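Since the structure comes first, as structure tokens, the remarks are kept for the end.
In the UniProt record's numbering, the protein residues as written are 1 to 689.
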């Protein structure tokens, strides 16, 4: 039963001519599916409708072929041929009573048009502003271009209505939409009636909304998504000017959808952004308009959500990442099951799907984007097969997720953990600077299995192959994790690097175990994800003089995909960490390290009292290999299957481990599919001729 404190979250709210059944508003978010995997994206949104969301939006939907962002894979509404796929999505959103929204985007100077080969158009003639610095420029739009743009929008509005959407959102946030490009003096340097004053720079926005309302009539709501502050200095659209603009056009859209700055400002990871981090920027804006306001801030706590509503800050609780981590968040609040919410950890692994043009993942929710492809439901498992018992060796993220999911299926599950706490690598990593939210991976699963009478946990239970063979479990999952290598093997070194034995040498495992070096420390990062930067921060805060050396052109290079690379670099620079890019540590020598330029091979020594190697990990699979060598004994000991999963099979990000654990649980006792694909996919139909 719902706690009365949360009743306000379930009040219906009008958005123009339509009414949302509650205040839970899934704002637009990417998913790596887009036009390539529309059925997968549609089913993902349907699941959210089942989970109780009042409003559900598509991701960015390109509304005309003259502005597209290839290679990134979003939805398209270029012509009538795109309507059927979008209609399927709208129908899926409606299935459990949600309002279906589509976000229309004309990307302007953010659209390089690499697929269509059209010349990009923007308010002014400037280089295209993309993540990949494409060597393309936009031409300044003339009056005919603007008339064309207005007509293209009217066409898109009509198609969106035909597809069955209740809400149409114009995208002018994160630097990605033409409306923001006209509003901002950084990108609008015009001297005609569309440039100069704020009123003039708002002109296109007014025209598109007024004409859009005429095009879609009185059955669809029209919303506007804007950046709260571009955060780029005097030439940008600042929060104060955004407020002036909203006051000037208070009742123009049916709802104001407000999001902070660039995407990395708005969706920064938990390491740099707390829950409700945008509250200060959005506070007070509701007083400027009679129309409802939605804002975001990685909301996971119903108490924070209630505060945002009762304080008069927001009318709707906007969620993207929390709706991915738990599509059933609203229903769990409504049913009084707060402890069952699978809280977003803010790792941004979901965003990497868009950035790498691949199907997205979620660390907390391994079923994300597998709802259609594999038929996985985030809250339901199929009944168990014809075996009864499972032993899971290791209680890290893979082992815990396997135990949780197998417990739901009805198996008798035992977890044997060599240590004294659950969580494995997560338990250690969540103690590092900024990563405390990552402990939710352990906490959610620990609570869930604690409620299951068919799942038992045994600590200080390091098992040998002999032990496992003797226990009599029918199925075994080896989830023993991995350890960081001491020999430097990774990308720059495919064989161990030469190391002076007298030099104190550390790995991330040493530092996470409490053995943190001091003095003059060189950290060699050939991993390129978060660990190198986090450990450099840890040592710097403990007083060490840290030099971070990496063969990449960026510190923590892969975190460009999680929208935190710039924040990491700034944090380390502020802490006094010396960052040495494009150099490889070739060997550890007396008194320091020898390095070489990644391009020329030019050598340079760097003095050090200690060296930290953040390179690659070695799977801890000795027990698995021992068991595999004794395969002929399995049947005699009542064993039907043994499988190695997670980091013990191949180290990867935590999301890879939870996925592996979930997949093991789903596939246990299921029929072998042989050479068939283990998922459904959509294949493009050949056109005639």
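Using N, Cα and C, we set each Cβ at its ideal position, and we do this for glycine too. Owing to the predicted nature of the structure, the values given are computational and were not obtained by experimental measurement.
Which first and last residues belong to the alpha helix (DSSP H) in which residue i is found?
i: residue 333; result: 329–334
i: residue 656; result: 654–667
i: residue 319; result: No alpha helix (DSSP H) contains residue 319, which is instead part of the beta strand (DSSP E) from 316–319.
i: residue 240; result: 239–248
i: residue 408; result: 397–409
i: residue 216; result: 203–216
i: residue 282; result: 279–282
i: residue 719; result: An answer regarding residue 719 cannot be provided, because it is not within the stretch 1 to 689 covered by the chain.
i: residue 182; result: 178–183
i: residue 148; result: 143–162
i: residue 90; result: 83–94
i: residue 44; result: 38–50
By Cβ distance below 6 Å, which residues in the same chain neighbour residue i in space, the five residues on each side in sequence not counted?
i: residue 134; result: 112 and 128
i: residue 76; result: 35, 62 and 82
i: residue 411; result: 384 and 390
i: residue 42; result: 88, 89 and 92
i: residue 343; result: 300 and 440
i: residue 38; result: 85
i: residue 585; result: 524, 549, 593 and 595
i: residue 422; result: 395, 442 and 446
i: residue 252; result: 209
Span of the beta strand (DSSP E) holding residue i?
i: residue 295; result: 293–295
i: residue 60; result: 55–62
i: residue 227; result: 221–227
i: residue 776; result: With the chain represented from 1 up to 689, any question about residue 776 goes unanswered, as that position is not in the structure.
i: residue 172; result: 167–172
i: residue 393; result: 389–393
i: residue 414; result: 412–416
By the three-class DSSP mapping on this structure, what secondary structure does residue i have?
i: residue 24; result: strand
i: residue 256; result: strand
i: residue 345; result: coil
i: residue 685; result: coil
i: residue 306; result: helix
i: residue 266; result: helix
i: residue 129; result: coil
i: residue 14; result: strand
i: residue 431; result: coil
i: residue 426; result: helix
i: residue 108; result: helix
i: residue 325; result: helix
i: residue 198; result: helix
i: residue 19; result: strand
i: residue 121; result: strand
i: residue 300; result: coil
i: residue 313; result: coil
Within 10 angstroms of its Cβ, does residue i collect 16 or more other Cβ (buried), or is it exposed?
i: residue 143; result: exposed
i: residue 287; result: exposed
i: residue 366; result: buried
i: residue 459; result: exposed
i: residue 119; result: exposed
i: residue 35; result: buried
i: residue 444; result: buried
i: residue 80; result: exposed
i: residue 160; result: buried
i: residue 348; result: buried
i: residue 171; result: buried
i: residue 495; result: exposed
i: residue 597; result: exposed
i: residue 590; result: exposed
i: residue 451; result: exposed
i: residue 565; result: buried
Below 7 Å CB to CB, which residues in the same chain sit around residue i once its five sequence neighbours on both sides are set aside?
i: residue 552; result: 528 and 581
Residues in its own chain within less than 8 Å of residue i by CB, not counting five upstream and five downstream?
i: residue 539; result: 511, 516, 517, 518, 521, 523, 546 and 612
- Give, in chain order, every unbroken run of the alpha helix (DSSP H) that is at least 4 residues long and sits entirely within the stretch 437–506. List check, alpha helix (DSSP H) in window: 440–450 and 465–471.
- Query: Which ranges does the alpha helix (DSSP H) cover as unbroken runs of at least 4 residues, wholly within the stretch 597–651, from first to last along the chain?
  - Reply: 622–629
- Where are the beta strand (DSSP E) runs, 3 residues long or more, that stay fully inside the UniProt domain "TMADH/DMDH/HD second alpha/beta" (507–591), in chain order? 520–525, 545–549, 578–580 and 583–589
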